[in-house]
Amino acid sequence: MRRSGARTARRREVGTTMRLRGVRTAAFRWVVLLVLVLVWEAVTRLAGSTFFPPPSAIVLRMHTMWFSGPIGTLFLTDAAVENILPSLGRMAAGFAGGALAGVVIGLAVGLSASAYDYLDGVLQFLRAIPPPALVTVFLVLFGFGLRMQLAFIMFSIVWPVLLNTADGARSVEPLHLQTCQSFRLSRAELLLRVVVPSTLPKMFAGLRLALSLSLIVMVFSELLPGTTNGIGFQITDAYSTFDLPGIWAGIVLLGVLGYVLNELFLVVERRMLGWHHTAQQLAAP
């Protein structure tokens, strides 16, 4: 009973410490961001450069372009509906397809020592190829348009998920596998109860990297000829008309989207891996 009470108290202490640390970290981040924005505003106004507008001008341009619509559309303008939403749709579809393929193939490769030995060199070779270098190949295979963009995003993001998942599957404790065999668990039960939970920390690390990468390659795919909408297309259109605040508005929007998506992913990760983070804190001296 005493041991159980001590463990419960220890868990509560760890949880309180983690929450306080999170609040302090978040407050510090916002202070740093505010200071940087104020410095940016002051420097750009003093410099008076046409190529580097102040943040206030960029925010005003973003409001005019995308967030000054009627309340019925959640203040989104026609330009936002026609460009931001399609970009997010491409990114989500490409990320989902690439992540699913990476998890499935990664588990298959990681659970088979022979497959890992045979395929590791090929996978490392393909991973090392910069996706933009293969744009011509994707254009030949899929032509211009949505199919090429989705295939390009999926190919670009599959590697961190696949390799991290395979590495996580290979790092499952042999003792856990032997225990499951002694209880005569089926392969499906072994996979769901032991392998997947043990793989989740590394799998989520790969998914987080793939999420940020999917935003980058989504924009790159929209800069290519044949694209008629999207954030990347709007940046290109602003460049062609020398709309510098419009260019910077697109760049800042991408940064905001990347930050928001990363924070949402961290919320999901903390939910899914709460047991893992708590175990790490309890194991710490």
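Counting in UniProt numbering, the sequence shown tops out at residue 285, every number present.
Each residue gets a CB set at the ideal place from its N, CA and C atoms; glycine is no exception.
In this text, all values refer to a predicted model and were calculated from it rather than measured experimentally.
DSSP, read as helix, strand or coil, puts T64 in helix.
Taking a cut-off of 8 Å on C-beta distances, the region 90-106 does not touch the region 245-254, as fewer than three cross pairs fall below it. DSSP places S114 inside the alpha helix (DSSP H), whose first and last residues are 113-128. Two segments are said to touch when three or more pairs of C-beta atoms, one from each, lie closer than 8 Å; by this definition the region 195-213 touches the region 264-275. Excluding sequence positions up to five before and after F138, its CB lies within less than 7 Å of the CB of M148, A151, F152, all in the same chain and listed in chain order. Per DSSP, L215 is one residue of the alpha helix (DSSP H) stretching across 196-222.
Here DSSP, grouped into helix, strand and coil, assigns G258 to helix. In the same chain as F75, and ignoring 5 residues on each side of it, the C-beta atoms closer than 6 Å to its own belong to F67, G69, in chain order. Counting other Cβ atoms within 10 Å of its Cβ, P132 stays below 16 and is therefore classed as exposed. Taking S214 as the centre and dropping the five residues before and after it, the same chain places the C-beta of M91, G94, F95, G98, I153, S156, I157 closer than 8 Å to its C-beta, in chain order. Here L163 really is in contact with G106; their C-beta atoms are around 7 Å apart, less than 8 Å. Cβ neighbours of R193 within its own chain (closer than 6 Å, five residues either side excluded): none.
The beta carbons of F265 and L211 sit closer together than 8 Å.
Under the Cβ criterion (8 Å, minimum of three pairs), the region 74-89 counts as touching the region 224-239. Shown here, G48 sits in coil according to DSSP, grouped into three states, outside any helix or strand. With a 10 Å radius around the Cβ and a threshold of 16 neighbouring Cβ atoms, W159 comes out buried. When rounded, the separation of the alpha-carbon atoms in L244 and L254 is 16 Å. Secondary structure note for G232: its alpha helix (DSSP H) is the uninterrupted segment 231-240.
If you ignore the 5 residues before and after L200, its C-beta comes within less than 8 Å of the C-beta of G168, M272, L273, H276, all in its own chain and listed in chain order. When DSSP states are grouped into helix, strand and coil, S56 belongs to the helix group.
Annotation: P132 is outside any alpha helix (DSSP H) and is labelled neither H nor E by DSSP. The three-state secondary structure of S156, taken from DSSP, is helix. Put simply, of A238, N262, T227 the residue whose alpha carbon is nearest the alpha carbon of F51 is A238. For V32, the secondary structure class from DSSP, reduced to helix, strand or coil, is helix. DSSP places G143 in the coil class of the three-state scheme, outside both helix and strand. Contact between R45 and P54 holds: CB atoms are separated by about 5 Å, below the 8 Å threshold.
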